[in-house]
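Report on one structure; see the data block that follows.
Numbering (the working numbering), first residue to last: 510 to 649.
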C-alpha cells in the first residue's frame, strides 16, 4: 500500500512528487540514485549517505501524475489516513454521529478535536477496517 501523497511515475518508476507550475520535483529515498541525472540532498544520514535524491522533470515527461489517498474505518468512524509507519496510523477523522459528543468530551483518547470542526486520531494499523487506497490520475 502506498503512502498517501502525490507521485510522479517517470520511466515506469514511482517517485514522491511535488508539482510547481509545469515541473514535477521527484524524490527517491533509495541509497543510490535511480540514474546519473539525479542530485543528492544536502542532508545526510549518520553514515554520510544523502537522505534522498531529487530530480526536476517537466510535467509532460511524466508517464503519470497521481494523487494517492487512503481511507479506512475505526469503530464506525471514517478516516482519511495522513501517514503511517511502524503500525501506527495518523488520520483525519469524520466522527460517527453517535460518538461525537463522547469524542468532544475526551472520552475516546484515540481521537482529539483539533479545532471547531476538525478531528485527528492515532490508531494501530491492525485495528482498522475497510482500508482502501485510491489512485487519482492528475495528468491530462
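The C-beta atom is built at its ideal place from N, Cα and C for all residues, glycine as well.
- A straight line joining the alpha-carbon of residue 554 with that of residue 560 spans about 6 angstroms.
- As computed with DSSP, residue 630 is found in a beta bridge with 600, 620.
- Here the C-alpha atom of residue 603 lies approximately 15 angstroms from the C-alpha atom of residue 639.
- DSSP, read as helix, strand or coil, puts residue 546 in coil.
- Here the stretch 544 to 551 makes no contact with the stretch 574 to 594; the two share fewer than three CB pairs at distances below 8 angstroms.
- For residue 609, the enclosing alpha helix (DSSP H) begins and ends at 609 to 613.
- Its Cα nearest to that of residue 518, the residue 573 stands out among 573, 534, 585, 539.
- Per DSSP, residue 536 is one residue of the beta strand (DSSP E) stretching across 532 to 537.
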